[in-house]
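Number of protein chains: 4
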Amino acid sequence: MIKVGIVGGTGYTGVELLRLLSQHPQVKITAITSRKEAGMPVSDMYPSLRGRVDLAFTTPDEARLNECDVVFFATPHGVAMAQARELLADGVKIIDLAADFRLKDTAEFERWYGMPHSCPDLLAEAVYGLPELHREAIRKARIVGNPGCYPTSVQLGFAPLLKTPGLVDAAHLIANCASGVSGAGRKAEVHTLLAEASDNFKAYGVKGHRHGPEINQQLRVIAGVAPGSAAVHCVFVPHLIPAIRGIHSTLYARLTPSGQQADLQALFEAHYRDEPFVDVMPAGSAPETRSVRASNFVRIAVHKPAPDLAMVLVVEDNLTKGASGQAVQCMNLMCGLDETTGLLQVPVLP
Amino acid sequence: MIKVGIVGGTGYTGVELLRLLSQHPQVKITAITSRKEAGMPVSDMYPSLRGRVDLAFTTPDEARLNECDVVFFATPHGVAMAQARELLADGVKIIDLAADFRLKDTAEFERWYGMPHSCPDLLAEAVYGLPELHREAIRKARIVGNPGCYPTSVQLGFAPLLKTPGLVDAAHLIANCASGVSGAGRKAEVHTLLAEASDNFKAYGVKGHRHGPEINQQLRVIAGVAPGSAAVHCVFVPHLIPAIRGIHSTLYARLTPSGQQADLQALFEAHYRDEPFVDVMPAGSAPETRSVRASNFVRIAVHKPAPDLAMVLVVEDNLTKGASGQAVQCMNLMCGLDETTGLLQVPVLP
Amino acid sequence: MIKVGIVGGTGYTGVELLRLLSQHPQVKITAITSRKEAGMPVSDMYPSLRGRVDLAFTTPDEARLNECDVVFFATPHGVAMAQARELLADGVKIIDLAADFRLKDTAEFERWYGMPHSCPDLLAEAVYGLPELHREAIRKARIVGNPGCYPTSVQLGFAPLLKTPGLVDAAHLIANCASGVSGAGRKAEVHTLLAEASDNFKAYGVKGHRHGPEINQQLRVIAGVAPGSAAVHCVFVPHLIPAIRGIHSTLYARLTPSGQQADLQALFEAHYRDEPFVDVMPAGSAPETRSVRASNFVRIAVHKPAPDLAMVLVVEDNLTKGASGQAVQCMNLMCGLDETTGLLQVPVLP
Amino acid sequence: MIKVGIVGGTGYTGVELLRLLSQHPQVKITAITSRKEAGMPVSDMYPSLRGRVDLAFTTPDEARLNECDVVFFATPHGVAMAQARELLADGVKIIDLAADFRLKDTAEFERWYGMPHSCPDLLAEAVYGLPELHREAIRKARIVGNPGCYPTSVQLGFAPLLKTPGLVDAAHLIANCASGVSGAGRKAEVHTLLAEASDNFKAYGVKGHRHGPEINQQLRVIAGVAPGSAAVHCVFVPHLIPAIRGIHSTLYARLTPSGQQADLQALFEAHYRDEPFVDVMPAGSAPETRSVRASNFVRIAVHKPAPDLAMVLVVEDNLTKGASGQAVQCMNLMCGLDETTGLLQVPVLP
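Same order as they appear, the protein sequences are chains V, G, R and D.
Residues in the first sequence are numbered from 0 upward in steps of one, following numbering that gives the first Met the number 0.
Residues in the second sequence are numbered from 0 upward in steps of one, following numbering that gives the first Met the number 0.
Residues in the third sequence are numbered from 0 upward in steps of one, following numbering that gives the first Met the number 0.
Residues in the fourth sequence are numbered from 0 upward in steps of one, following numbering that gives the first Met the number 0.
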């Protein structure tokens, strides 16, 4: 059994980790920390876990995380990088669900997250935890920076187009995305109250969103161009869906003359043929977020709404494939398990 | 024109007052106060008011509330009683949408609201602002304690049964109520986040809710029994609807043998025949909250699900008839206007 | 492996059966029938099942249901009773999720379901499929009438009070219930459109609902009184929650003097101590529907809001414990499996 | 008083017309027709209108529409064109909320609406009822084709960019739009059930949507190019919001070098300076649909998310400015009233 610790499990990525890990056949959760809630049984905060998770929150000191095989950080940004070095020294593998190990450029990190990066060497070592794109590196990683929810869907949607050079005008990509409100986390804020966010729709982060630089960094990796290269650029516009879970990305890429000749459906099907969690839907499909609700699956459909325009529709559950499910997928790889272990729940519909 | 001031207009009862008063043909809003947001244009907080309300929030000092004809308190509990005496001395009429002037028993007030009552003499003078039950007193009032949202629906539903002595076992009333989330106000709290309250249903306040003593106090007034009399007692159980607006009350009263003979439908129709805002629906109806959305109307249906049980269904918009609409209705009475002035908006459906 | 057939799997109880059975370690689904959709892959209708359920809908003729070990009827009322005799003759066990085998009184059945009962002998043999109350009979049953969604919650909530004679005034029970919209099924109807049912709340079935007689029949069984006895009577009032899944029942029972002395919390805890799917929450709790979302669990809290009144709060997922999960629980019992096999999914929250 | 008839008022555009017209100071509704519901009081179908609209549905024959000043068609496509000629002959002005008088190309109409156009001469005469773009023509019109909900928002968003030649690459516009479910009308369909559409998000109409040709026809009119000209082309992708009302359009246009120099904020503010219903928000804003809920307002914000990309965000209420409110606005113009008469309701927020 893999001994797992969770740092900061009071938020939505925490409870989703608990839902998945408590059903994982190879995992034993040994500790879950929260300074603020130390002593409270986890199931008092999340009654959905009554009878299934018998742990109480503990302080980090009591948690003996150094005895774990894997520690997940489901914390605010900045926590993982402060604790990583010590845990690594004790042979613990680390998966950070926050942003500490996503942006490779420390100046970029500081600009978007408002704090200097405290361990650039570990950042350099860390692997970006998107298995469909970095599987082999994840297998060998000691530190994984788990991708952001939006970036996961945007990368998986654009990857087949960018991997083949010359299909699209990669300098002018558009990612028009929408997320359920759980993406904002379990924080007491006015704008995500039901009375504010329900029966409503809006764009947000219009002056710039933290997932923008992450998306652009990784699309450049996918396309094989230099960091910061203007050859690949994506405008990212998030919107808020009056729903709990689900991300829907509508991606646009102008096709080059050769791209206009390509069979995009065949391209996508070939690209994802062997992926257990990526479902390329039949031509003409419009995937809906509920079709992946509470599961680790991603569904993708590719369209040509104009002769020179590719449109890719991608859905994922922001808390599962967009966060905790993906983290468990990485853990499986890092621990030598079958990648799908504990992650094959059928989506909940309706 | 009636010069109106609003103290503390940043919450939902505040913006609802602004929606109604900005369309009221006899009102000029002269000031709206918020210490915290002083200087901010109201329409920056509530874009729905752009172009319609040109005021900015001001500090109470700058607001010159003493020059108003009427001041509404859309504030936390305790604010109105601190400012009432001075305003009254200047001839200003006061309508408090919080609870300072609802509970007549100061010990009860202190128990439920956690603070002593600072002006028992004014409390004694204050009129409970439910026009259908206290119209004449409201006309002459200097201070009105605007009823709670739940109590409004419970009183209007039980009143016809309690006004006729001997129809029901008034000592064992049940009010099974449900409210949209806006009833909790525009406060940053976890339990009313969309991701918590949506796709969910629960009872709350099961150990006792502030509206319980208010309901019982007023049902005793309606029945004409002494304060605290055990002859009238109502168990009140609120539930949270995953919706923005709307209160639905399902009221139960055991019928006495004579009550079992009564024509309840005729009783209710006669009772509310002349009320402009109370609609007794045809026998067999089930009113829905959306049928009064964003309006000052209440719809009521009365049933006998068993030969010895009366069931009354009541719907209202918690922010309108349950709060700000009722406050404007009181203002109309206090200022000698037609009671319905500015309050006849057709409900918004769908 | 248990060979399972599903008749009429196009509705919500059908897709929920598929979700559960496709993850059940001891089940092989061999056929799913729909005359109307014959030939269509199940996953075309329900993309959530893509890659997990490879069957297509077939006509009943092609389905060879007689070769199954168990056949579930997820059909409109009246279908199961027409096909039961033949399947039973072939040794197939039957679980009907519709109402054909719930009401023991055929006149009552005809009155509420508008058709005569075609096999009263099988009805007499059929077992009411609520394992917590009829476990041993279910183990031996050939035909199970799976309980209605509301009746499941009402019975589990009242059972501890009714099993001990003399605690409550059983002749005047009230079940004030509320259900998510999926309870109405996947039928094209105006009143359950999102634009009608969202941001809304109402009672319905106020002139009488089919689950009323079922509740009363079964509460009498629990209390051990004769069918139709006036000693036990429950008024049942359903309401519609603007949510997909979830039933919340608020149950009221007047306590007798001896009931007022009883320790209700201890009574409930003792009653359900060994039940794997019934969770009696700590005193003072208010269970919420999302705490059992997409799971087979029921959570119950018992209160005394007045010295002579018991109030029981019960939550379940109407499609799981209220329908398909309970059906699988019955199947497990009928087939000699551990009752919880394939049913221990952790609820999905948020 | 303007005598108004409504043909086919049982749908959402019908009830919204009734909500607006019953509060319009210059209108008397004389008839509302529905063959299917003839005899039923309107307020039986829509309890929100109880006490406010005393009409019953009548058959078209009894309605004496020819005595009206204005007749609104809130009917399925094809009804208005069948009845228009006769009414016009009697001097009645016609406003069609369906699509009969929107598409100027009869072949295009037949392709998208599946029926030949029965009166091309009237189609040629009909004015496209978007007052902000065709005010003077509407004033003089006998027949108005009221715009589609999506096209209204797309045109108002792109118009300032297209009116000035050379700012954008008009041949490659993208309109990524999302609508609340009421846009699908009050029809019993599975895909708009609450249990299907709630807690979900998806694109739809991905193979082509009827509003696509309407958008392209009208953008060409705005840009002053020939019908069908490839110089202007917009890809239109609608999505379904799990909400009742509201359209949000996110519009993208590539800026030319000269467009990159332009002050887009100033351009939009100047363009709409005198429009009573179009609100250009401050730079950096993200309008939300609820800010115009149940009102005739449109709010617009313009952004440059990349140096060579303009993004315009537009919100409207699909049933008001996107349908019935706009129709009343047209009526006001056609009847010589102030354009805003009866249309200045403050949006309902929260």
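Just so you know, even glycine gets a beta-carbon here, dropped at the ideal spot from N, CA and C.
Is the shortest distance between the beta-carbon of residue i and the beta-carbons of chain D less than 8 Å?
{"i": "residue 198 of chain G", "result": "yes"}
{"i": "residue 289 of chain V", "result": "yes"}
{"i": "residue 185 of chain R", "result": "yes"}
Leaving aside the five residues before and after residue i along the sequence, list all residues of the same chain whose C-beta is less than 7 Å from its C-beta, in chain order.
{"i": "residue 129 of chain G", "result": "146, 151, 154"}
{"i": "residue 337 of chain V", "result": "331"}
{"i": "residue 280 of chain G", "result": "286, 298, 299, 300"}
{"i": "residue 347 of chain V", "result": "292, 293"}
{"i": "residue 277 of chain R", "result": "131, 155, 271, 297, 299"}
Work out the CA separation of residue j and residue i for me, nearest whole Å.
{"i": "residue 109 of chain R", "j": "residue 194 of chain V", "result": "45 Å"}
{"i": "residue 102 of chain V", "j": "residue 269 of chain V", "result": "30 Å"}
{"i": "residue 225 of chain D", "j": "residue 323 of chain D", "result": "30 Å"}
{"i": "residue 253 of chain G", "j": "residue 169 of chain G", "result": "8 Å"}
{"i": "residue 85 of chain G", "j": "residue 48 of chain G", "result": "31 Å"}
{"i": "residue 133 of chain D", "j": "residue 316 of chain D", "result": "20 Å"}
{"i": "residue 83 of chain D", "j": "residue 11 of chain D", "result": "22 Å"}
{"i": "residue 306 of chain V", "j": "residue 148 of chain R", "result": "51 Å"}
{"i": "residue 200 of chain G", "j": "residue 240 of chain R", "result": "7 Å"}
{"i": "residue 46 of chain V", "j": "residue 38 of chain V", "result": "16 Å"}
{"i": "residue 175 of chain D", "j": "residue 304 of chain D", "result": "15 Å"}
{"i": "residue 73 of chain D", "j": "residue 243 of chain G", "result": "29 Å"}
{"i": "residue 100 of chain G", "j": "residue 344 of chain D", "result": "32 Å"}
Is there at least one Cβ from chain G nearer than 8 Å to residue i's Cβ?
{"i": "residue 180 of chain V", "result": "yes"}
{"i": "residue 241 of chain V", "result": "yes"}
{"i": "residue 202 of chain R", "result": "yes"}
Here's a check: name, in chain order, each residue in its chain whose Cβ is nearer than 6 Å to the Cβ of residue i, leaving out the five neighbours to either side.
{"i": "residue 23 of chain G", "result": "341"}
{"i": "residue 2 of chain D", "result": "27, 29, 67, 68"}
{"i": "residue 185 of chain V", "result": "10, 11"}
{"i": "residue 204 of chain D", "result": "237"}
{"i": "residue 232 of chain D", "result": "170"}
From the beta carbon of residue i, is the nearest beta carbon of chain V less than 8 Å away?
{"i": "residue 195 of chain D", "result": "yes"}
{"i": "residue 45 of chain G", "result": "no"}
{"i": "residue 278 of chain R", "result": "yes"}
Please confirm whether residue i has its beta-carbon closer than 8 Å to some beta-carbon of chain B.
{"i": "residue 189 of chain G", "result": "No chain B is present in this structure, whose protein chains are V, G, R and D."}
Quick check: is the beta carbon of residue i nearer than 8 Å to any beta carbon in chain R?
{"i": "residue 205 of chain G", "result": "yes"}
{"i": "residue 11 of chain G", "result": "no"}
{"i": "residue 192 of chain D", "result": "yes"}
{"i": "residue 25 of chain V", "result": "no"}
{"i": "residue 33 of chain V", "result": "no"}
Quick one: give me the first and last residue of the beta strand (DSSP E) that residue i is part of.
{"i": "residue 59 of chain V", "result": "Segment: none, residue 59 of chain V is in no beta strand (DSSP E) and carries neither H nor E."}
{"i": "residue 292 of chain V", "result": "First-last for residue 292 of chain V: undefined, no H or E at that position."}
{"i": "residue 310 of chain G", "result": "308-315"}
{"i": "residue 235 of chain D", "result": "233-239"}
{"i": "residue 175 of chain V", "result": "172-178"}
{"i": "residue 342 of chain G", "result": "Per DSSP, residue 342 of chain G belongs to no beta strand (DSSP E) and is neither H nor E."}
{"i": "residue 248 of chain D", "result": "246-253"}
Within the continuous alpha helix (DSSP H) that includes residue i, where are the two ends?
{"i": "residue 215 of chain G", "result": "210-222"}
{"i": "residue 203 of chain R", "result": "Counting along the chain, residue 203 of chain R falls outside any alpha helix (DSSP H), and DSSP gives it neither H nor E."}
Could you give the uninterrupted runs of the alpha helix (DSSP H) lying entirely in the segment 33-96 of chain V, keeping only those of 4 residues or more? 41-44, 78-88
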